[in-house]
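First up is the structure itself, then whatever we jot down about it.
There are 2 protein chains.
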Amino acid sequence: MPGNEVVILRIGHRPERDQRVTTHVGLTARALGAQGMFLATPDKGVVQSIRDVADRWGGDFFCLDNVKWRSCIRDWKAQGGTVVHLTMYGLNLPDVIDDVKAHGKILVIVGAEKVPGEIYGLADYNIAVTAQPHSEISSLALFLDHFFSGQEFRNEFPGAHIRIIHSRAGKRTEEM
Amino acid sequence: MPGNEVVILRIGHRPERDQRVTTHVGLTARALGAQGMFLATPDKGVVQSIRDVADRWGGDFFCLDNVKWRSCIRDWKAQGGTVVHLTMYGLNLPDVIDDVKAHGKILVIVGAEKVPGEIYGLADYNIAVTAQPHSEISSLALFLDHFFSGQEFRNEFPGAHIRIIHSRAGKRTEEM
């Protein structure tokens, strides 16, 4: 998305149970216009799954594991970036999204079940997507769609080896 | 959501690997204004997880497992309902959502990895959320948010035993 930089920081990931959900978080981030994902746990399996999709489907989404979350947040802020933490306890998305849009460089923290309390204080914005329990995947999707105002539905992914041709029924793809 | 009825039909669920993702599908549906979910596989574990959330957090979301998908679709259509199938091969969401909004009673088919080809023909709308691979959870979230035009962020869930009070930082809840 020109002029905006959004990167995900996934914390609390447990390789033994969160691989699929974290992969969905990364793919959602990529499909909806984020530039990359930092994973605050070592997990080469997740990194490889996301890189495989990015290689085949285009774009230059990055995924790095074993990132230290405290220094990641500190460095992001030192570079003038803004930190958003998605949590069901935060302010409701429609009430804050216009404020957030005034910032161009956003780190979105996406936690698994338990998040260190410190994160709430480090974040510039704690944002809830409704006040109901659902999924960090749906929360991230709605945050990105509202942040990019729906423009991300038209994103291009240069260098793809495969592309879908939208169809009324059936499956049409083009190999490049 | 007054005047609209949206129910999910989850197909292709495999209890041995999809429990968490299907639970996220159901909770996303509930949080974002759908009335219930039919699960086309027997899986009491998923049903119980979703019912536990609904009991505690309010509203009257239903979840039924072991539903036969062909008769579910046929009955929905016989009652004048519209069938939407979320698939990365379909028409792009922003291009069709206004048409879909003209209908009040929507069955949203959410598949796991493989979906029977027949579904494409049975659906009134095959809808893609971008043309990139990501997650059925994010696809459903974006479909519901666009269908309900963001009004679902203000939904009430009567009969809740717990409620979140949106906060700038920290966790505030109210027990009822």
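Chains as they are written, first to last, in my numbering: chain Z, 1 to 176; chain B, 177 to 352.
We put the CB at the ideal spot given by N, CA and C, even for glycine.
**Study point:** Terminal residues of the alpha helix (DSSP H) in which residue 196/B lies
**Key:** If you number the second sequence from 1, residue 196/B lands on position 20. Looking at the DSSP string, the run of the alpha helix (DSSP H) that includes residue 196/B is 191-207.
Review point. Is the distance from the Cβ of residue 182/B to the Cβ of residue 320/B below 8 Å?
Key: Taking the first residue of the second sequence as 1, we reach residue 182/B at position 6. Taking the first residue of the second sequence as 1, we reach residue 320/B at position 144. Their beta carbons are under 8 Å apart, which means residue 182/B touches residue 320/B by this criterion.
Check your understanding: Are the C-beta atoms of residue 177/B and some chain Z residue less than 8 Å apart?
Key -> Against the second sequence, residue 177/B aligns to sequence position 1. The pLDDT assigned to residue 177/B is 44, lower than 50, so where the model puts this residue is not dependable, and the model offers no usable value.
Practice item. For the stretch 80-103 of chain Z, enumerate the residues whose C-beta is nearer than 7 Å to any C-beta of chain B, in chain order. Key: When CB distances to chain B are screened at a threshold of 7 Å, the residues of the stretch 80-103 of chain Z falling below it are 88, 89, 90, 91, 92, 93 and 94, in chain order.
Point to revise | Completely contained alpha helix (DSSP H) runs for the stretch 41-128 of chain Z, where each covers 4 or more residues | key: The stretch 41-128 of chain Z contains these whole alpha helix (DSSP H) runs: 44-57, 69-78, 93-101 and 118-122.
Review point. Got a sec, what are the start and stop residues for the beta strand (DSSP E) residue 323/B sits in?
Key: Mapped onto the second sequence, residue 323/B falls at position 147. Unbroken run through residue 323/B is the alpha helix (DSSP H), 312-323; no beta strand (DSSP E).
Review point. Where does residue 153/Z fall in DSSP's three states?
Key: Residue numbering aside, residue 153/Z sits at position 153 when the first sequence is read from its first letter. In the structure shown, residue 153/Z sits in a helix (DSSP, three-state: H, G or I).
Exercise for review: Starting from the Cα of residue 219/B, find the closest Cα among 237/B, 298/B, 196/B and 233/B and give me that residue.
Suggested key: Taking the first residue of the second sequence as position 1, residue 219/B is located at position 43. Closest by alpha carbon: 196/B.
Practice item. Could you tell me the distance, in whole angstroms, from the CA atom of residue 309/B to the CA atom of residue 266/B? Key: Numbered from 1 along the second sequence, position 133 holds the residue referred to as residue 309/B. Numbered from 1 along the second sequence, position 90 holds the residue referred to as residue 266/B. Between the C-alpha atoms of residue 309/B and residue 266/B there is a straight-line separation of about 12 Å.
Point to revise | Three-state class that DSSP yields for residue 186/B in the structure shown | key: As a working note, residue 186/B is residue 10 in the second sequence. If DSSP states are grouped into helix, strand and coil, residue 186/B belongs with the strands.
**Study point:** Of the residues 289/B, 261/B, 253/B and 208/B, the one placed nearest residue 189/B, counting alpha carbons only
**Key:** The residue given as residue 189/B occupies position 13 in the second sequence. Residue 289/B holds the alpha-carbon nearest to the alpha-carbon of residue 189/B among 289/B, 261/B, 253/B and 208/B.
Practice item. Output yes or no for whether 8 Å exceeds the beta carbon distance between residue 140/Z and residue 54/Z. Key: Counted from its first residue, the first sequence places residue 140/Z at position 140. Counted from its first residue, the first sequence places residue 54/Z at position 54. The criterion of a C-beta distance shorter than 8 Å is not satisfied by residue 140/Z and residue 54/Z.
**Study point:** Counted within 10 angstroms of its Cβ, other Cβ atoms place residue 2/Z as buried (16 or more) or exposed
**Key:** Position 2 of the first sequence, counted from the first residue, corresponds to residue 2/Z. In this prediction, residue 2/Z scores a pLDDT of 49, lower than 50, which makes its location untrustworthy; the coordinate-derived value is nonetheless stated afterwards. Counting Cβ neighbours within 10 Å, residue 2/Z comes out exposed, since fewer than 16 surround it.
Point to revise | Whole-Å CB distance - residue 314/B paired with residue 137/Z, under 8 Å assumed | key: Translated into the one-based positions of the second sequence, residue 314/B becomes position 138. Translated into the one-based positions of the first sequence, residue 137/Z becomes position 137. The distance from the Cβ of residue 314/B to that of residue 137/Z is about 5 Å, consistent with a contact at the 8 Å cut-off.
Exercise for review: Report the three-state DSSP secondary structure of residue 36/Z (helix, strand or coil).
Suggested key: Here the question's residue 36/Z lines up with position 36 in the first sequence. Three-state DSSP puts residue 36/Z in a strand.
**Study point:** C-alpha gap between residue 307/B and residue 352/B, whole angstroms
**Key:** Mapped onto the second sequence, residue 307/B falls at position 131. Mapped onto the second sequence, residue 352/B falls at position 176. Spanning the two alpha carbons is a distance of roughly 44 Å.
**Study point:** Per DSSP, the bridge partner or partners of residue 144/B
**Key:** Limits of chain B in this structure are 177 at one end and 352 at the other, which puts residue 144/B out of reach.
Check your understanding: Is residue 235/B near residue 333/B, with beta carbons less than 8 Å apart?
Key -> Here residue 235/B refers to the residue found at position 59 when the second sequence is read from its first residue. Here residue 333/B refers to the residue found at position 157 when the second sequence is read from its first residue. Result yes, Cβ atoms of residue 235/B and residue 333/B sit closer than 8 Å.
Check your understanding: When you compare only the Cα positions, how much space is there between residue 272/B and residue 74/Z?
Key -> To locate residue 272/B, count along the second sequence from 1; it is residue 96. To locate residue 74/Z, count along the first sequence from 1; it is residue 74. About 42 Å.
Check your understanding: To which residues of the same chain is residue 25/Z closer than 8 Å at the C-beta, ignoring the five residues directly before and after it?
Key -> On the first sequence, position 25 is the one that residue 25/Z refers to. Hits under 8 Å: 8, 10, 37, 110, 136, 137 and 140.
Exercise for review: Would you tell me roughly how many angstroms separate the C-alpha atoms of residue 173/Z and residue 297/B, rounded to the nearest one?
Suggested key: If you number the first sequence from 1, residue 173/Z lands on position 173. If you number the second sequence from 1, residue 297/B lands on position 121. If you take the alpha carbons of residue 173/Z and residue 297/B, they lie about 18 Å apart.
Check your understanding: Taking the C-alpha atoms as reference points, what is the distance between residue 336/B and residue 52/Z?
Key -> For the purposes of this step, residue 336/B is taken as the residue at position 160 of the second sequence. For the purposes of this step, residue 52/Z is taken as the residue at position 52 of the first sequence. Cα-Cα distance, rounded: 43 Å.
Practice item. Let me know if residue 178/Z comes out buried or exposed under the rule of 16 or more other beta-carbons within 10 Å of its beta-carbon. Key: Residue 178/Z falls outside the range modelled here, since chain Z spans only 1 to 176, and no answer is possible.
Check your understanding: Would you say residue 180/B faces chain Z, with C-beta separation under 8 Å as the test?
Key -> Stepping through the second sequence from its first residue, residue 180/B is reached at position 4. No, no contact with chain Z.
Review point. With burial defined as no fewer than 16 other Cβ atoms inside 10 Å of the residue's Cβ, what is the status of residue 150/Z: buried or exposed?
Key: Counting from 1 along the first sequence, the entry for residue 150/Z is found at position 150. Classification for residue 150/Z: exposed.
Practice item. Could you name the residues of chain Z that residue 345/B contacts, counting a contact when the two beta carbons are closer than 7 Å? Key: Within the second sequence, the letter at position 169 stands for residue 345/B. Ordered by position in chain Z, the residues that pass the 7 Å Cβ test against residue 345/B are 120, 121 and 126.
Review point. Is the CB-CB distance between residue 260/B and residue 276/B below 8 Å?
Key: Numbered from its first residue, the second sequence carries residue 260/B at position 84. Numbered from its first residue, the second sequence carries residue 276/B at position 100. Cβ distance < 8 Å, so residue 260/B and residue 276/B count as in contact.
Point to revise | Residues near residue 82/Z in its chain [Cβ-Cβ closer than 6 Å; skip 5 each side] | key: Within the first sequence, numbered from 1, the residue matching residue 82/Z stands at position 82. Closer than 6 Å at the Cβ level, and outside the excluded window around residue 82/Z, lie 103, 106 and 124.
Practice item. Within 10 angstroms of the Cβ of residue 98/Z, are there 16 or more other Cβ atoms? Answer buried if so, exposed if not. Key: The residue you call residue 98/Z lines up with position 98 of the first sequence. With a threshold of 16 other beta carbon atoms within 10 Å, residue 98/Z falls short and is exposed.
Review point. Closest Cβ-Cβ distance between residue 34/Z and chain B: below 8 Å?
Key: In the first sequence, counting from the first residue as 1, residue 34/Z sits at position 34. Using a Cβ-Cβ cut-off of 8 Å, residue 34/Z does not count as an interface residue toward chain B, since no Cβ of chain B sits closer than that to its own.
Check your understanding: Buried or exposed: where does residue 64/Z fall if 16 or more other Cβ atoms within 10 Å of its Cβ makes it buried?
Key -> The residue you call residue 64/Z lines up with position 64 of the first sequence. Per the 10 Å Cβ criterion, exposed.
Check your understanding: By the criterion of Cβ-Cβ separation under 8 Å, what are the contact partners of residue 321/B in chain Z?
Key -> Translated into the one-based positions of the second sequence, residue 321/B becomes position 145. Neighbours of residue 321/B on chain Z, chain order: 142 and 145.
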